[in-house]
Every structure is written in C-alpha cells, then in structure tokens.
Amino acid sequence: MIGKELLSKKPVSLSHVKELLSARDYSTKEATYEQTQTLDYATKFAKLSSDKAESLYNNLMNLENMTEDLAVKIVDFLPEDLESMKLLLSKPGSVPDSALSVALELTKKHAPSS
Numbered sequence: 330m331i332g333k334e335l336l337s338k339k340p341v342s343l344s345h346v347k348e349l350l351s352a353r354d355y356s357t358k359e360a361t362y363e364q365t366q367t368l369d370y371a372t373k374f375a376k377l378s379s380d381k382a383e384s385l386y387n388n389l390m391n392l393e394n395m396t397e398d399l400a401v402k403i404v405d406f407l408p409e410d411l412e413s414m415k416l417l418l419s420k421p422g423s424v425p426d427s428a429l430s431v432a433l434e435l436t437k438k439h440a441p442s443s
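Mapping to the working numbering: the sequence shown position 44 is 373, numbers consecutive.
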C-alpha cells in the first residue's frame, strides 16, 4: 500500500505535482517507483512553472461556473482554441462560451513562448 490514509482529495496541476515531488527529501528514504514515474511524467509534460500555473489557476477560478477540475485541466493542457477548450468540459454547456473565451485569453497570456 502506497499511503496509509487519504487525508484530503484535491485536483492539482502537473506543475504542482512536479514541485512537490522535486522538493521531497530523498536522503532518508528512497523515492518509490510510483513517485519516480510520476515525477518523470510531470517533468516531461508540465508546460508551466509552478508559479505561472498557480497564477493561471487562480485567475480561472474567478470565472463564472469554473470548477477546480476544469481549471486544473486547462492549466495542464493549455488549449489553443475554443473547440479544444470545450473538449475538456465533462458536461457540454456547463461553462458559458463567454467564460471559456476569457479562459482562452488567460491561457494565451500565461502560455510559454514557442
């Protein structure tokens, strides 16, 4: 068993996962296989720094009908157009197009330069 007890459950971005696992002190106890694989995955696919991801998440949470789950998905995927943004919705129409458009502008503002 990996953990003894679930203390809380909250969606977090890959950037936050990467920061948490990187900050752990592995000098007293070696990282588990799961921790190593998760850190490798987060390092490979996290598109934003932890600070930028948190800033984007906070801005998204101020939008109408935005949920924590959707905000984290947007932070992780950084969709580039409205159609891609709509694909992240668990229930189509649950967030108004106007809020999705604002979310799209926020992601473009926070996205890394390519």
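Even glycine gets a Cβ: it sits at the ideal position worked out from N, Cα and C.
- Query: Helix, strand or coil: which one does DSSP assign to Ala360?
  - Reply: Within the sequence shown, numbered from 1, the residue matching residue 360 stands at position 31. Per DSSP, reduced to three states, the secondary structure at Ala360 is coil, with no helix or strand assignment.
- Please say whether Ser344 and Ser379 have beta carbons closer to each other than 7 Å? Residue numbering aside, residue 379 sits at position 50 when the sequence shown is read from its first letter. Residue numbering aside, residue 344 sits at position 15 when the sequence shown is read from its first letter. Yes, the pair counts as a contact, with Cβ atoms nearer than the cut-off.
- Query: Buried or exposed: Ser356, going by 16 or more other Cβ atoms within 10 Å of its Cβ?
  - Reply: Position 27 of the sequence shown, counted from the start, is the residue given in the question as residue 356. The residue is exposed, with fewer than 16 neighbouring Cβ atoms inside 10 Å.
- Message: According to DSSP, simplified to helix, strand and coil, what is Glu383?
- Response: Stepping through the sequence shown from its first residue, residue 383 is reached at position 54. In this structure, Glu383 counts as helix in the three-state DSSP scheme.
- Item | Three-state secondary structure assigned by DSSP to Lys438 | In the sequence shown, the residue the question calls residue 438 occupies position 109. Correct three-state label for Lys438: helix.
- Message: Quick check on Asp405: buried or exposed, where buried means 16 or more other Cβ atoms within 10 Å of its Cβ?
- Response: Against the sequence shown, residue 405 aligns to sequence position 76. Buried, since its Cβ has 16 or more Cβ neighbours within 10 Å.
- Run the CB neighbour count on Thr436, radius 10 Å, all protein chains shown included, and call it buried at 16 or more, exposed below. Here residue 436 is taken as the residue at index 107 of the sequence shown, counted from 1. Thr436 is buried by the Cβ-count criterion.
- Task: Flag this pair as yes or no: are the beta carbons of Val431 and Leu377 separated by less than 7 Å?
- Result: One-based indexing of the sequence shown puts residue 431 at position 102. One-based indexing of the sequence shown puts residue 377 at position 48. It is not a contact, given that the beta carbons lie outside the stated cut-off.
- Task: Under 8 Å by Cβ, that's how I've got Ser366 and Leu350 pegged, so tell me the actual separation to the nearest angstrom.
- Result: Here residue 366 refers to the residue found at position 37 of the sequence shown. Here residue 350 refers to the residue found at position 21 of the sequence shown. The residue you asked about is not Ser; residue 366 is Gln in the sequence shown. Actually they are not in contact, since the Cβ atoms of Gln366 and Leu350 sit about 10 Å apart, beyond 8 Å.
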